[in-house]
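First up is the structure itself, then whatever we jot down about it.
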Ligand SMILES: Nc1ncnc2c1ncn2[C@@H]1O[C@H](COP(=O)(O)OP(=O)(O)O)[C@@H](O)[C@H]1O
Ligand SMILES: [Mg+2]
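Numbering (this note's numbering), first residue to last: 0 to 245.
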């Protein structure tokens, strides 16, 4: 198989005695959409932090296009082609939507005018062009989530990591967000690794699903297979529950 874009081998993160991420090996290839699911506290966000460099692994290796990146800080990984959103949305609320995106655009463009043009193009791409001058703090939740996606896109990534980017959105907002991600995948060939609780989103958007539970990768397969697996049901709901994925 072709070289993985982003890969971990035996990645682990221990916090004192807690194995938040425990020996996770995973390879994401260019053009894939992979979802990570699992109960709260399973280690999903911690795993993202190992990938993007907010945390360094206690054991194991993180590599990008076959090259170890364990020692690289987050901004160097961003330059290689990794964009991400954070579960706790932290836009710079006093800045405009455009200025928020320009922060990422400066990684690619040294000149202010170029960064502004690039940021504006990204805002248009995510459907926020008309809101460029509004303060980020005045945007709705759904708009702020799009702004987060725009900030990740402004880095010019090959792979985008989304941490529960649809949490709290209503059904129609979720549908529009899936449409946006799908078009970025299909038209711009972006690779996605997403953490998502909404199993309808997982089923609608991802080709491959990974299940984390207590830090360990307990299952991996197609969305259909995974969402009907008894082990997954147990991890999500505890034993004795019926599960009818729809
Ligand atoms: N910086 C930290 N220090 C100590 N424990 C942490 C830290 N970050 C996360 N944890 C713990 O690691 C476990 C996994 O957390 P997290 O990765 O946020 O899970 P998830 O995103 O799957 O809900 C949890 O038990 C959490 O309390
Ligand atoms: Mg999390």
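Beta carbons are placed, not taken as given, at the ideal position from N, Cα and C, and that holds for glycine.
C-alpha distance - residue 243 paired with residue 150, whole-angstrom precision: Position 244 of the chain shown holds residue 243. Position 151 of the chain shown holds residue 150. Confidence in residue 243 is poor, its pLDDT being 46 and thus under 50, which makes the residue's placement unreliable; the coordinate value appears in the next sentence. Spanning the alpha carbons of residue 243 and residue 150 requires a straight line of approximately 36 Å.
DSSP beta-bridge partners of residue 212: If you number the chain shown from 1, residue 212 lands on position 213. Residue 212 pairs with 215.
Nearest to residue 15 (by Cα), restricted to the options 48, 26 and 57: Here residue 15 corresponds to residue number 16 of the chain shown, with the count starting at 1. Considering only alpha carbons, the answer is 57.
Candidates 188, 139 and 154, of which the one nearest residue 167 by Cα: Here the question's residue 167 lines up with position 168 in the chain shown. For residue 167, the nearest C-alpha among the options comes from 139.
heavy atom of ligand 1 below 7 Å from residue 197 C-beta: Counting from 1 along the chain shown, the entry for residue 197 is found at position 198. No, ligand 1 has no heavy atom inside 7 Å of this Cβ.
For residue 85, the three-state DSSP class (helix, strand or coil): In the chain shown, the residue the question calls residue 85 occupies position 86. Three-state DSSP puts residue 85 in coil, outside helix and strand.
Cβ pair count under 8 Å reaching 3, the stretch 119–134 against the stretch 94–111: Touching, per the Cβ criterion.
Pairwise C-alpha distance: residue 112 and residue 162: For the purposes of this step, residue 162 is identified with residue 163 of the chain shown, where counting begins at 1. For the purposes of this step, residue 112 is identified with residue 113 of the chain shown, where counting begins at 1. One C-alpha to the other measures close to 31 Å.
Given residue 262 as reference, the closest of 157, 219 and 35 once Cα atoms are compared: Here the chain has residues from 0 to 245 only, and residue 262 is not among them.
Residue 193 in three-state terms, based on DSSP: Within the chain shown, the letter at position 194 stands for residue 193. In the structure shown, residue 193 sits in a strand (DSSP, three-state: E or B).
Sub-8 Å separation of residue 19 and residue 51 beta-carbons: Taking the first residue of the chain shown as 1, we reach residue 19 at position 20. Taking the first residue of the chain shown as 1, we reach residue 51 at position 52. Result no, Cβ atoms of residue 19 and residue 51 do not sit closer than 8 Å.
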